[in-house]
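Take a look at the structure below.
Below, the structure is given as structure tokens:
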């Protein structure tokens, strides 16, 4: 698994959220695949030099979303993401992100067409999650 | 209910002349946590630590550490506590090895291997004389002396002072390593908010001798909020807003930093008929600076002594 979490201090984003954001992103773009193992809480805490409770908090959030699962004695694994947000809630979370991108793009004088093209290209690049082998 | 508290103070107060250095301090440090004790220079952090260790008598109030009265700490209690002083006091005529041999006599559970390991990290030679060490090397030696007994309670008075970035990271790694044992507690004072953000479960903030926050790191971060309030034209004059710490006035916007932004605060802002109210995240450092700034309300305290790490 060629993937690492990197955190920075002094950010507006708390460390536990930097971790959850990066795992979510890695899962979304296919850098992490279903069944991949994540470092244990202790191992990741020592690697990032952060309080283990911070990592535990991040993993708890990810587990609650159904993105990862902790298997006793075996480790932490990425599992298929179930949809945990209603469409409405999902949109409420997504909208400010889209606003942010459009705002930045406008400020840098991108045209509407240029921005649409860029979006299209990125969406085509996006690797969908692999389908589970057996339908649960 | 019977939570294991390793440090507890009630109304702990110390005057120097007519001036209080620590005033009416109520502190609870649960076992197994990493607790950051913050405040500006001269806010009373070192005075607190010296009282906790029985090195300074309180003017009034009381305190207990590992269940012992701080005014009468027996040697067996001290042997369970590691204490790193702010000024790295050492005997100049000793060698590094002799410092270890001396310190180990006070700690039955001294781990020589750990001591050697930390010395190695800091590139310290056992035969070097203390008086010839650099500031950073002295800090490294003191850290090794404090950590080698793997104390049950570690009290570090500004451990990052005098350390270069590499040594500071080593300190952080040592602190994270120490949390492997869930019964170990670390209480440290610091100005390095990046370090606090990395390792702390709890923060306490001392301001001009008075405790103004004692809560989880997350509660503190969530408690200090930045709000952007936008208007059609120039912003109106601001009425009294509960918990207001700072205001930045822009052409058509007010940027506020508030403590405990809630329904009441939002209602007060809505009454100004803005076009938009938006909450914006704040870094720990900005939150801390705003919280301890010269302006704003001074009487606000977060407190959640019963919270779990």
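Residue numbers (the working numbering), protein chains in the order written: chain B, 1 to 136; chain E, 1001 to 1309.
The C-beta atom is built at its ideal place from N, Cα and C for all residues, glycine as well.
Small disclaimer: the values here were computed from a predicted structure and weren't measured.
Assign residue i to buried or exposed, taking buried as 16 or more other Cβ atoms, counted over all protein chains shown, within 10 Å of its Cβ.
i, result
"residue 1016/E", "exposed"
"residue 18/B", "buried"
"residue 1197/E", "buried"
"residue 136/B", "At residue 136/B the pLDDT is 40, less than 50, meaning the model places this residue with poor confidence; the figure from the coordinates comes in the next sentence. So residue 136/B ends up on the exposed side."
"residue 1049/E", "buried"
"residue 1062/E", "exposed"
"residue 1209/E", "buried"
"residue 1288/E", "buried"
"residue 112/B", "exposed"
"residue 1001/E", "Because residue 1001/E carries a pLDDT of 36, less than 50, the predicted location of this residue cannot be relied on, and no value is offered for it."
"residue 73/B", "exposed"
"residue 1185/E", "buried"
"residue 1091/E", "exposed"
"residue 1014/E", "buried"
"residue 1370/E", "Given that chain E is displayed from residue 1001 to residue 1309, the structure contains no residue 1370/E and the question cannot be resolved."
"residue 1115/E", "buried"
"residue 1122/E", "buried"
"residue 35/B", "exposed"
"residue 131/B", "For residue 131/B, the predicted structure reports a pLDDT of 49, less than 50, and the residue's modelled location is therefore unreliable. The matter cannot be settled from this model."
"residue 1010/E", "exposed"
"residue 1203/E", "buried"
"residue 152/B", "Given a span of 1 to 136 for chain B in the structure shown, any question on residue 152/B remains unanswerable."
"residue 1205/E", "buried"
"residue 30/B", "exposed"
Is residue i close to chain A? Criterion is C-beta to C-beta, closer than 8 Å.
i, result
"residue 4/B", "The structure shown contains no chain A; the protein chains it does contain are B and E."
Check the DSSP bridge columns for residue i and list the partner residues they point to.
i, result
"residue 1250/E", "1253/E"
"residue 1258/E", "1225/E and 1244/E"
"residue 1028/E", "1008/E"
"residue 1039/E", "1206/E"
"residue 1278/E", "1228/E"
"residue 1069/E", "1064/E"
"residue 11/B", "In the DSSP output, where bridge partners are listed per residue, residue 11/B has none listed."
"residue 1156/E", "1084/E and 1188/E"
"residue 77/B", "37/B and 69/B"
"residue 1013/E", "1060/E"
"residue 1019/E", "1016/E"
"residue 1034/E", "1186/E"
"residue 1216/E", "1202/E"
"residue 1095/E", "1129/E"
Identify which residue in the options has its Cα closest to the Cα of residue i.
i, options, result
"residue 1191/E", "1158/E, 1184/E, 1174/E and 1181/E", "1158/E"
"residue 78/B", "96/B, 40/B and 53/B", "40/B"
"residue 63/B", "54/B, 45/B and 76/B", "76/B"
"residue 1071/E", "1126/E, 1079/E, 1233/E and 1059/E", "1059/E"
"residue 1200/E", "1188/E, 1206/E, 1207/E and 1211/E", "1188/E"
"residue 1252/E", "1083/E, 1266/E, 1232/E and 1178/E", "1232/E"
"residue 1217/E", "1171/E, 1120/E, 1109/E and 1284/E", "1284/E"
"residue 1096/E", "1222/E, 1151/E, 1213/E and 1144/E", "1144/E"
"residue 1045/E", "1033/E, 1067/E, 1069/E and 1012/E", "1012/E"
"residue 1069/E", "1053/E, 1079/E and 1100/E", "1053/E"
"residue 1261/E", "1204/E, 1294/E, 1225/E and 1123/E", "1225/E"
"residue 66/B", "11/B, 27/B, 8/B and 100/B", "27/B"
"residue 42/B", "1165/E, 1178/E and 1268/E", "1178/E"
"residue 1036/E", "47/B, 36/B and 51/B", "51/B"
"residue 12/B", "1294/E, 1120/E and 1280/E", "1280/E"
"residue 1155/E", "1115/E, 1082/E and 1230/E", "1082/E"
"residue 1151/E", "1127/E, 1181/E and 1169/E", "1181/E"
"residue 1149/E", "1167/E, 1117/E and 1207/E", "1117/E"
"residue 1161/E", "1137/E, 1109/E and 1234/E", "1137/E"
"residue 1109/E", "1213/E, 1079/E, 1086/E and 1132/E", "1079/E"
"residue 1250/E", "1240/E, 1265/E, 1244/E and 1234/E", "1234/E"
"residue 1221/E", "1244/E, 1227/E, 1259/E and 1236/E", "1259/E"
"residue 1243/E", "1005/E, 1256/E and 1056/E", "1256/E"
"residue 1254/E", "1274/E, 1004/E and 1034/E", "1274/E"
"residue 1213/E", "1146/E, 1193/E, 1056/E and 1292/E", "1292/E"
"residue 1089/E", "1169/E, 1142/E and 1055/E", "1142/E"
"residue 1007/E", "1087/E, 1065/E and 1126/E", "1065/E"
"residue 152/B", "86/B, 68/B and 119/B", "Outside the shown range of chain B, which is 1 to 136, sits residue 152/B, and nothing can be said about it."
"residue 1183/E", "1029/E, 1025/E, 1074/E and 1010/E", "1029/E"
"residue 1107/E", "1077/E, 1248/E and 1131/E", "1077/E"
"residue 1268/E", "1240/E, 1278/E, 1282/E and 1246/E", "1240/E"
"residue 1227/E", "1248/E, 1047/E, 1237/E and 1134/E", "1248/E"
"residue 1165/E", "1055/E, 1215/E, 1146/E and 1139/E", "1139/E"
Say whether the segment 1005 to 1021 of chain E touches the segment 101 to 112 of chain B, bearing in mind that this needs 3 or more beta-carbon pairs closer than 8 Å, one atom from each stretch. Output reads no: the segment 101 to 112 of chain B does not touch the segment 1005 to 1021 of chain E.
Unbroken stretches of the beta strand (DSSP E), 3 residues or longer, contained in the segment 1169 to 1214 of chain E: The segment 1169 to 1214 of chain E contains these whole beta strand (DSSP E) runs: 1185 to 1189 and 1202 to 1207.
Count the CB pairs spanning the segment 1167 to 1177 of chain E and the segment 1099 to 1117 of chain E that are closer than 8 Å, and state whether there are at least three. As far as the Cβ criterion goes, the segment 1167 to 1177 of chain E does not touch the segment 1099 to 1117 of chain E, which means the pair count is below three.
Those runs of the alpha helix (DSSP H) which lie wholly inside the segment 1122 to 1152 of chain E and span at least 4 residues: At a cut-off of 4 residues, the continuous stretches assigned as alpha helix (DSSP H) that sit fully inside the segment 1122 to 1152 of chain E are 1135 to 1147.
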